[in-house]
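**Q**
Numbering (this note's numbering), first residue to last: 1 to 111.
1) Select from 54, 31 and 29 the residue whose C-alpha is nearest the C-alpha of residue 41.
2) Please state the DSSP three-state secondary structure of residue 59.
3) Whole angstroms are fine: how far does the CA of residue 47 sit from the CA of residue 18?
4) Determine the closest residue to residue 14 out of 68, 61, 52 and 33, with distance taken between C-alpha atoms.
5) Please list the terminal residues of the continuous alpha helix (DSSP H) segment that includes residue 17.
6) Here's the rule: buried if 16 or more other CB atoms are within 10 angstroms of the residue's CB, otherwise exposed. What is residue 56?
7) Going by Cα to Cα distance, which pick from 51, 49, 62 and 21 is closest to residue 35?
8) Where do the ends of the alpha helix (DSSP H) carrying residue 21 lie?
9) Measuring alpha carbon to alpha carbon, tell me which residue in 73, 24 and 69 is nearest residue 37.
10) If you count every other CB in all the chains shown that lies within 10 Å of the CB of residue 44, and 16 or more means buried, which is it?
11) According to the neighbour-count rule (16 or more other Cβ atoms, all chains shown, within 10 Å of its Cβ), is residue 67 buried or exposed?
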């Protein structure tokens with residue numbers, strides 16, 4: 001491997017994964033891994049509310065570093081309960097709806 005390939009191999013982490021990779025297989029392997037990293041970045045970015053196109057490009061050029069960054073800075077969203085869903089967990093007793101068992105008004109008895 002020449003000087004440029006060594007720099008790229010260490011910067012992308014490919015040298016750590018495949019230390020005995022020959023020169024003729026280096027670039028095709030690097031391109032394949034970066035394409036997979038770009039796809040992973042697109043999926044992670046879209047699922048976490050980031051720009052999918054931007055992170056696809058960043059994943060294509062920076063590889064595993066962009067994937068690791070997206071994994072570390074994932075946005076956690078709270079699950080939204082649709083109003084009027086009728087579930088005991090989603091009802092708010094202050095709105096006059098009866099919640100689950102043991103909440104709200106007791107059932108009216110018929111005389």
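No residue lacks a Cβ here, since even glycine has one placed at the ideal position from N, Cα and C.
**A** Result, derived from the coordinates:
1) 54
2) helix
3) 31 Å
4) 33
5) 14–17
6) buried
7) 62
8) Premise fails: residue 21 is in no alpha helix (DSSP H) and is neither H nor E.
9) 69
10) buried
11) buried
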